[in-house]
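Below is one structure; the comments refer to it alone.
Numbering (my numbering), first residue to last: 799 to 913.
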């Protein structure tokens, strides 16, 4: 008779646990809501134009490597625009990128790419 009482009490306990609402039951924490913000990325670059020469200094304060490239658009139609080779900027590093046109520079910018 004792065995039937213990089986009955276990059955009642299981039935009570199964009848609890989902929120009341312990479960793994699942993050709800908007995703977390992306990790900051990208070197900060300063570009200067002096006559037909372009110089850019890029400093990467973040822990992920940034691949930067200097792009120059020349003012004259016959002057060739140039895209410099990409350079890796590691954490806490500064690099110097240079390029030039034969005559005037119309615009210059630096592109960023995750390594």
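We treat Cβ as the ideally placed atom computed from N, Cα and C, and that holds for glycine.
* Asked: In terms of residue numbering, what span does the beta strand (DSSP E) encompassing residue 892 cover?
  -> Per DSSP, residue 892 belongs to the beta strand (DSSP E) from 891–898.
* Asked: Considering only residues of the same chain and omitting the five flanking positions on each side of residue 983, which have a CB-CB separation below 8 Å?
  -> Here the chain has residues from 799 to 913 only, and residue 983 is not among them.
* Asked: Which of helix, strand or coil does DSSP assign to residue 905?
  -> strand
* Bridge-paired residues (DSSP) for residue 871 -> 905
* To do: Give me the Cα-Cα distance between residue 912 and residue 864, rounded to the nearest whole angstrom.
  => 5 Å
* Starting from residue 863, follow the beta strand (DSSP E) in both directions and report where the run begins and ends. => Neither: residue 863 is in no beta strand (DSSP E) and is coded neither H nor E.
* Asked: When the Cα atoms are used, what is the spatial distance from residue 843 to residue 857?
  -> CA-CA distance, residue 843 to residue 857, rounds to 6 Å.
* Asked: Under a three-way DSSP split, which group does residue 846 fall into?
  -> strand
* Report the rounded CA-to-CA distance for residue 862 versus residue 902, giving the unit in angstroms. => Taking the straight line joining both Cα atoms gives about 35 Å.
* Quick one: measure Cβ to Cβ for residue 898 and residue 852, integer angstroms, because I've assumed they're closer than 8 Å. => 6 Å
* To do: Starting from residue 886, trace the beta strand (DSSP E) both ways and give me its first and last residue.
  => 885–887
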